[in-house]
Amino acid sequence: MTEILQEPKTGVIITGGASGIGRASARALAEVGRPVAIWDIDQALAESVAKEIATEFGVSTCAAKLDVRECERFAAAIGDARQALGTVGGLVHSAGVSHPVPVEELDEASWDLVLDINLRSHALLVKVLLPDLRSNRGSAIVGIASINAILGNGLNPAYSASKAGLLALSRSLADRLAADGIRVNTICPGYIRTPMQDEPLANVPGLEQAYERQCMLGRMGEPEEIGRVVRFLMSDEASFITAENIVVDGGVVPSQR
Ligand code: NAD
Numbered sequence: 018m019t020e021i022l023q024e025p026k027t028g029v030i031i032t033g034g035a036s037g038i039g040r041a042s043a044r045a046l047a048e049v050g051r052p053v054a055i056w057d058i059d060q061a062l063a064e065s066v067a068k069e070i071a072t073e074f075g076v077s078t079c080a081a082k083l084d085v086r087e088c089e090r091f092a093a094a095i096g097d098a099r100q101a102l103g104t105v106g107g108l109v110h111s112a113g114v115s116h117p118v119p120v121e122e123l124d125e126a127s128w129d130l131v132l133d134i135n136l137r138s139h140a141l142l143v144k145v146l147l148p149d150l151r152s153n154r155g156s157a158i159v160g161i162a163s164i165n166a167i168l169g170n171g172l173n174p175a176y177s178a179s180k181a182g183l184l185a186l187s188r189s190l191a192d193r194l195a196a197d198g199i200r201v202n203t204i205c206p207g208y209i210r211t212p213m214q215d216e217p218l219a220n221v222p223g224l225e226q227a228y229e230r231q232c233m234l235g236r237m238g239e240p241e242e243i244g245r246v247v248r249f250l251m252s253d254e255a256s257f258i259t260a261e262n263i264v265v266d267g268g269v270v271p272s273q274r
């Protein structure tokens, strides 16, 4: 007989939840009844996504204008999320930026910006969120990395390093937090059609075709195709998966090695 697992119904904080993969993850989680907190630097968009999800899926939602570099604001924002959602038993770190410059053109400010948002903030946020994660059954964390973490990218070393760091950070968190029943995993998306890709697709001739050529499935991915994997990793269906990375790229990584 197939065992039907009891899904955690605890709330989930999604950084960068107002757009792209973060928004799709929030929608996928809300679809199975998880309350969601949308954190983003874009307040108007965060509020409209929170409202849209509450209306469409009937779950509690809240929105916060928060730059994930503002670590001193985490405790208060978590408190607001706990109050609005009832509990917080999950985190999806999707906030991310890319400033593609090769090593010859690297400057300290853009290195720090990319590393701070993509990597540093995740470690510091998990630290402040621990009491909430520990006090709920089935808590889980998902970090959105990138195939650049595996393949590297000569035109984008800071971004690639930040995402590779996220993989190692997440395995370390998984090791430390397993005793508390908290699972920690990452996803490496390939080329996904989100607003982050709008500018490169508009400005680099032939980029979309290059993406398609690198991909066994011959197309860019949709944010919902990442959101569904986030939902799986946050659920009890993934109860024996921790310290793992799932590549969701339509077959780019195997064809590039
Ligand atoms: P997106 O631009 O649609 O979404 C990113 C969101 O993060 C935006 O809403 C933005 O306002 C928010 N954000 C940026 N800086 C922030 C900060 N300091 N604090 C809080 N929020 C902030 O892009 P996306 O493609 O959905 O990206 C989501 C994640 O997926 C990123 O971490 C990105 O690196 C990763 N990723 C994207 C792709 C792709 O092809 N789109 C591929 C691999 C990995």
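All residue numbers for the sequence shown refer to the working numbering, where the first residue is 18 and numbers rise by one. Quick reminder that beta carbons are idealized off the backbone N, C-alpha and C, glycines included. Just so we're clear, the structure is a prediction, and the values are computed from it rather than from any experiment.
Take residue i and list the residues in its own chain whose beta-carbon comes closer than 7 Å to its own, dropping the five residues that flank it on each side.
i, result
"D133", "R86"
"A67", "I55, T78, C79 and A80"
"H139", "H110, G160, L183 and L186"
When every heavy atom of the ligand NAD is checked, does at least one fall within less than 6 Å of the C-beta of residue i?
i, result
"P223", "Just to set this straight, residue 223 is Gly in the shown sequence, not Pro. G223 Cβ: outside cutoff for every heavy atom of the ligand NAD."
"M233", "no"
"P174", "no"
"G33", "yes"
"S179", "no"
"D84", "yes"
"I158", "no"
"M213", "yes"
"G113", "yes"
"D59", "yes"
"I161", "yes"
By the three-class DSSP mapping on this structure, what secondary structure does residue i have?
i, result
"P117", "coil"
"K26", "coil"
"T78", "strand"
"I263", "strand"
"T32", "strand"
"V221", "coil"
"V109", "strand"
"P52", "coil"
"I164", "coil"
"G207", "coil"
"D57", "strand"
Would you mind working out which of the options sits nearest residue i, comparing C-alpha positions?
i, options, result
"Q231", "V269, P222 and I199", "V269"
"P25", "W128, V49 and E125", "V49"
"R274", "G33, L168, D129 and I31", "L168"
"I258", "N202, A101, V145 and G34", "N202"
"I95", "R51, E69, D129 and L146", "L146"
Do residue j and residue i count as a contact pair if the criterion is CB distance below 7 Å?
i, j, result
"M251", "Y208", "no"
"V247", "V159", "yes"
"N153", "G223", "no"
"I55", "A43", "yes"
"L289", "N262", "Because the chain here runs from 18 to 274, residue 289 falls outside it and cannot be looked at."
"H116", "V131", "yes"
"A191", "A260", "yes"
"V120", "P174", "yes"
"R151", "D197", "yes"
"L123", "F91", "no"
"R210", "E241", "no"
Spatial neighbours of residue i within its chain, please: C-beta separation below 8 Å, excluding the five flanking residues on both sides.
i, result
"M18", "Here M18 scores only 45 on pLDDT, less than 50, and its place in the model is too uncertain to base an answer on."
"N170", "P117, Y176 and S177"
"P212", "S36 and G37"
Can you list, in chain order, the residues of its chain whose CB lies under 6 Å from that of residue i, leaving out five sequence neighbours each side?
i, result
"K180", "A162, S163, N165 and A166"
"K284", "No answer is possible for residue 284: the residues shown for the chain start at 18 and end at 274."
"D149", "V105"
"L46", "V29, V53 and R248"
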